[in-house]
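Visitor:
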Amino acid sequence: MTNEFTPKSDFLHVLLERGFVHQCSDFPGLDEKALQGGLAAYIGFDCTAPSLHVGSLLPIMLLSWLQRTGGKPLPLMGGGTTRVGDPSGKDESRKLLSVEQINLNKESIRKIFERFLKFDDAPNDALMLDNADWLAGLNYIEFLRDVGRHFSVNRMLTMDSVKMRLDREHELSFIEFNYMCLQAYDFVEVNRRYGAVLQMGGSDQWGNIVTGLDLGRRMGSPQLYALTSPLLTTSSGAKMGKTAAGAVWLNADMLSPYDYWQYWRNTEDADVIRFLKLFTFLQIEEITRLSRLQGAEINEAKKTLATEATALIHGRDAAEKAEETARTTFEQGTLSLTLPTITIESSEITAGLGVLNAFVKAGLVASTGEARRQIKSGGLRINDEIITDERRIINEKDFTDSGIAKLSLGKKKHLLLQLK
RNA sequence: GGGGGAAUGUCCCGAGCGGCAAAGGGGGCGGACUGUAAAUCCGCUGGCUAAGCCUUCGUAGGUUCGAGUCCUACUUCCCCCA
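In short: position in the first sequence from 1, add 103, done, that's the working numbering.
1) Helix, strand or coil for S167? Go by DSSP, reduced to three states.
2) Just to confirm my understanding: we take F148, look at its own chain, exclude 5 residues before and 5 after, and list those with CB closer than 8 Å. What are they?
3) Measuring CA to CA, which of G436, F462, I390, T184 is closest to T446?
4) Counting C-beta neighbours from all protein chains within 10 Å, is the total for S505 16 or more, i.e. buried, or is it exposed?
5) Count the other CB atoms, across all protein chains shown, that sit within 10 Å of the CB of A347; report buried if there are 16 or more and exposed otherwise.
6) Short of 7 Å in beta carbon distance, which residues of its chain neighbour D129, apart from the five on each side in sequence? Order them along the chain.
7) Which of the three DSSP states is assigned to G305 in this structure?
8) Which residue's Cα is closest to the Cα of E120: K479, I387, A425?
9) For the alpha helix (DSSP H) holding A465, just list the boundary residues, first then last.
10) Who does Y328 pair with in a DSSP beta bridge?
11) If you draw a straight line from the C-alpha of D236 to the C-alpha of E292, how long is it?
12) Going by the beta-carbon positions, is the gap between A474 and L459 smaller than 8 Å?
13) Tell me, please, whether the stretch 357–369 touches the stretch 223–231 by the rule of three or more beta-carbon pairs shorter than 8 Å.
14) Under 8 Å: do the stretch 399–415 and the stretch 471–491 share three or more Cβ pairs, one atom per stretch?
15) To which residues does DSSP link W352 through a beta bridge?
16) Can you tell me whether V351 is buried or exposed, with buried defined as 16 or more other CB within 10 angstroms of its CB?
17) Helix, strand or coil: which one does DSSP assign to E448?
18) Rank I205, N257, R218 by C-alpha distance to the C-alpha of A239 and give the top, closest one.
19) Does the contact criterion of 3 or more C-beta pairs under 8 Å hold for the stretch 106–116 versus the stretch 313–322?
20) Residue range of the alpha helix (DSSP H) that A425 falls in?
21) Round the Cβ separation of V117 and W168 to the nearest angstrom and send it over; I've been treating them as touching at under 8 Å.
22) In whole angstroms, what is the alpha-carbon distance linking V524 and A409?
23) Could you tell me the distance, in whole angstroms, from the CA atom of P176 to the CA atom of L232?
24) With three or more C-beta pairs closer than 8 Å as the rule, is the stretch 487–496 touching the stretch 412–432?
25) Do Q477 and L512 have their C-beta atoms within less than 8 Å of each other?
26) For the putative contact between Y330 and L133, defined by C-beta atoms under 8 Å, what is the C-beta separation to the nearest angstrom?
27) Tell me the DSSP secondary structure of M231 in three-state form.
28) Let me make sure I understand the geometry here. Which of E203, L247, T432, G298 has the alpha-carbon closest to that of L285?
29) Rounded C-beta distance between E423 and L385? I'm assuming under 8 Å.
30) Suppose contacts are defined by Cβ-Cβ distances below 8 Å. Is G305 in contact with S332 by that definition?
31) Just to confirm my understanding: we take S439, look at its own chain, exclude 5 residues before and 5 after, and list those with CB closer than 7 Å. What are they?
32) Let me know the secondary structure DSSP gives M180 once reduced to three states.
33) In this structure, what does DSSP give as the bridge partners for C127?
34) By Cβ distance below 7 Å, which residues in the same chain neighbour A152 in space, the five residues on each side in sequence not counted?
35) In this structure, what does DSSP give as the bridge partners for H517?
36) Could you check the C-alpha separation between A299 and K523 for me, to the nearest Å?
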């Protein structure tokens with residue numbers, strides 16, 4: 104895919120070297136553009152949830168590298184398109200969200216970008232866009248006349264995202280079918296308004312991006328370019344970004360820095376180097392050095408990955424604190440007071456709180472039923488002591504003088520109860 | 001417009017003679033082995049005030065001691081004919 108081509112621009116050089124590139128519509132052409140400086144590129148982001156998750160991290164890194172190599176990053180909030188729903192890769196139609204919900208999500212997501220990009224007034228400072236700005240007020244008739252006539256339904260039917268739905272005999276509603284038209288139009292509009300000539304995205308967006316490129320040609324935009332990043336899976340094939348607790352969110356109020364650190368710490372051996380290149384800004388030389396580690400030494404690389412990745416979104420302090428918490432908890436096996444903590448009224452203890460409910464309250468298990476099952480297989484511990492009696496009551500003696508007790512699920516998930 | 005199929009445990013796929021909390025996978029979680037890894041093996045994978053009780057098989061009714069299973073209507077999807 105990227106064979107033979109040797110980029111002259113820093114931007115493509117870094118991207119290729121670090122494994123960010125899956126496909127590009129025109130390597131030499133884009134390379135040339137990047138060399139000229141001031142390359143403006145955008146990536147669209149959904150507003151379907153109040154936080155982005157690790158799956159979105161890769162595109163964010165792309166934008167950040169763009170800025171670091173002199174380009175102008177334009178993160179685009181899908182405030183408009185989220186109202187429609189992207190059919191790509193999904194059999195089920197998405198639930199439509201309310202406009203209010205979308206706006207709330209948008210605000211919440213926006214904060215993440217500020218950790219990765221510099222937003223200001225310099226020429227290559229980032230600019231946050233929202234396609235609702237031009238999509239929400241679209242006039243249907245005008246849109247059909249000016250834009251719609253350039254779309255070939257014949258061609259759209261051959262696109263993978265659509266074909267899959269048709270082949271598998273799944274419903275594809277008109278509103279979803281229009282998604283790609285809107286996204287294509289975005290490209291033209293972002294180019295017209297902000298001069299972006301490049302759209303990036305995950306490999307599943309290739310079809311949508313190329314459709315935009317095509318529309319641009321028909322509507323007289325300058326030459327546009329497409330670049331996609333590989334779909335992220337772990338070496339054992341699992342999709343990235345899922346854990347027991349659900350998605351790996353980037354917002355601290357949805358996933359603590361400690362848990363985020365743990366997510367990266369638990370990376371499979373085979374993925375560490377790839378992830379270091381993609382999700383940290385460490386020098387390639389440093390990563391190469393880490394890649395020579397063997398066997399259990401790889402754990403060092405994992406810690407580096409975890410700390411660097413955590414520092415990017417939660418700050419260096421929080422990352423180092425998470426690392427230290429992990430060291431005390433896992434390597435020394437002692438009680439770390441900086442583990443994620445939930446507070447509990449002391450009256451609840453006096454009233455007699457059973458272990459089952461305590462674990463549910465802590466969020467380590469979803470129900471008392473699950474707690475029972477975990478106890479049967481020896482998965483629950485309080486202060487490192489395996490719970491064998493599901494009717495065990497937690498009492499004052501379980502707490503330290505300062506009112507702390509540690510609950511654990513399995514060997515990895517720990518949490519503190521703090522008496523109030 | 002006519003005819004024939006299909007919807008199952010709210011993660012997914014999928015079996016299911018009128019006695020069903022419902023086979024089997026995948027995924028996930030826990031245990032063993034390790035290095036907080038992978039692979040492998042074992043167990044679990046509706047809820048609860050738990051040897052009992054409650055709620056699940058597209059929706060609403062009906063037959064029956066008893067319905068995922070039979071009947072009726074409705075919804076959605078698929079196939080064939082026009």
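Each residue gets a CB set at the ideal place from its N, CA and C atoms; glycine is no exception. Keep in mind that this is a model prediction, so the values were computed, not measured.
Guide: The short version:
1) Against the first sequence, residue 167 aligns to sequence position 64. Here S167 sits in helix by DSSP.
2) Here residue 148 refers to the residue found at position 45 of the first sequence. Taken in chain order, the residues that qualify are L155, S159, P162, P178, L179, M180, G181, I212.
3) Here the question's residue 446 lines up with position 343 in the first sequence. The shortest C-alpha separation from T446 is found at F462.
4) The sequence position of residue 505 within the first sequence is 402, counting from 1. Answer is exposed; the Cβ neighbour count stays below 16.
5) Numbered from its first residue, the first sequence carries residue 347 at position 244. Because A347 sits at a pLDDT of 43, beneath the cut-off of 50, its placement in the model cannot be relied upon, and the point is left open.
6) In the first sequence, residue 129 corresponds to position 26, counting from 1. So the qualifying residues of the chain are Y328.
7) Counting from one through the first sequence, the residue named residue 305 turns up at place 202. In this structure, G305 counts as strand in the three-state DSSP scheme.
8) Residue 120 sits at position 17 when you count from the first residue of the first sequence. For E120, the nearest C-alpha among the options comes from I387.
9) For this step, residue 465 is matched to residue 362 along the first sequence. It spans 458–465 - the alpha helix (DSSP H) in which A465 sits, taken as one unbroken run.
10) On the first sequence, residue 328 is found 225 positions in, with the first residue counted as 1. Answer is L301.
11) Numbered from its first residue, the first sequence carries residue 236 at position 133. Numbered from its first residue, the first sequence carries residue 292 at position 189. Straight-line Cα distance between these residues: approximately 10 Å.
12) Position 371 of the first sequence, counting from 1, holds the residue named residue 474. Position 356 of the first sequence, counting from 1, holds the residue named residue 459. For A474 and L459, yes; Cβs fall inside 8 Å.
13) no
14) no
15) Position 249 of the first sequence holds residue 352. Its beta-bridge partners are H156.
16) The residue you call residue 351 lines up with position 248 of the first sequence. The residue is buried, with at least 16 neighbouring Cβ atoms inside 10 Å.
17) Counted from its first residue, the first sequence places residue 448 at position 345. Here E448 sits in coil by DSSP.
18) For the purposes of this step, residue 239 is identified with residue 136 of the first sequence, where counting begins at 1. It is I205.
19) no
20) To locate residue 425, count along the first sequence from 1; it is residue 322. From DSSP, the alpha helix (DSSP H) with A425 extends over 419–429.
21) For the purposes of this step, residue 117 is taken as residue 14 along the first sequence, with counting starting at 1. For the purposes of this step, residue 168 is taken as residue 65 along the first sequence, with counting starting at 1. Right, the Cβ-Cβ distance comes to about 5 Å (below 8 Å), so this counts as a contact.
22) In the structure as shown, the chain begins at 104 and stops at 523. Residue 524 is therefore absent and cannot be evaluated.
23) Locating residue 176 in the first sequence gives position 73, where the first residue counts as 1. Locating residue 232 in the first sequence gives position 129, where the first residue counts as 1. Answer to the nearest angstrom: the Cα atoms are 10 Å apart.
24) no
25) For this step, residue 477 is matched to residue 374 along the first sequence. For this step, residue 512 is matched to residue 409 along the first sequence. Closer than 8 Å, so yes.
26) As a working note, residue 330 is residue 227 in the first sequence. As a working note, residue 133 is residue 30 in the first sequence. Before going further, note that residue 330 is Leu rather than Tyr in the sequence given. So it is a contact: roughly 7 Å between Cβ atoms.
27) The count along the first sequence starts at 1 and reaches residue 231 at position 128. Correct three-state label for M231: coil.
28) As a working mapping, residue 285 is identified with position 182 in the first sequence. Ranking the options by Cα distance to L285, first place goes to L247.
29) Against the first sequence, residue 423 aligns to sequence position 320. Against the first sequence, residue 385 aligns to sequence position 282. 16 Å between Cβ atoms; not a contact.
30) In the first sequence, the residue the question calls residue 305 occupies position 202. In the first sequence, the residue the question calls residue 332 occupies position 229. A contact, by the Cβ cut-off of 8 Å.
31) Residue mapping note: residue 439 aligns to position 336 of the first sequence, counting from 1. The residues are T428, T431, T432.
32) Taking the first sequence and counting its residues from 1, one reaches residue 180 at position 77. The answer is strand: DSSP assigns M180 an E or B state.
33) The residue labelled residue 127 in the question sits at position 24 within the first sequence. Beta-bridge pairing links C127 to L330.
34) Within the first sequence, numbered from 1, the residue matching residue 152 stands at position 49. For A152, where only same-chain residues beyond five positions count, the Cβ hits under 7 Å are N208.
35) Sequence index remark: in the first sequence, residue 517 carries index 414 (1-based). The partner list for H517 (beta bridge, DSSP) reads S511.
36) Against the first sequence, residue 299 aligns to sequence position 196. Against the first sequence, residue 523 aligns to sequence position 420. Their backbone Cα atoms lie some 54 Å apart in a straight line.
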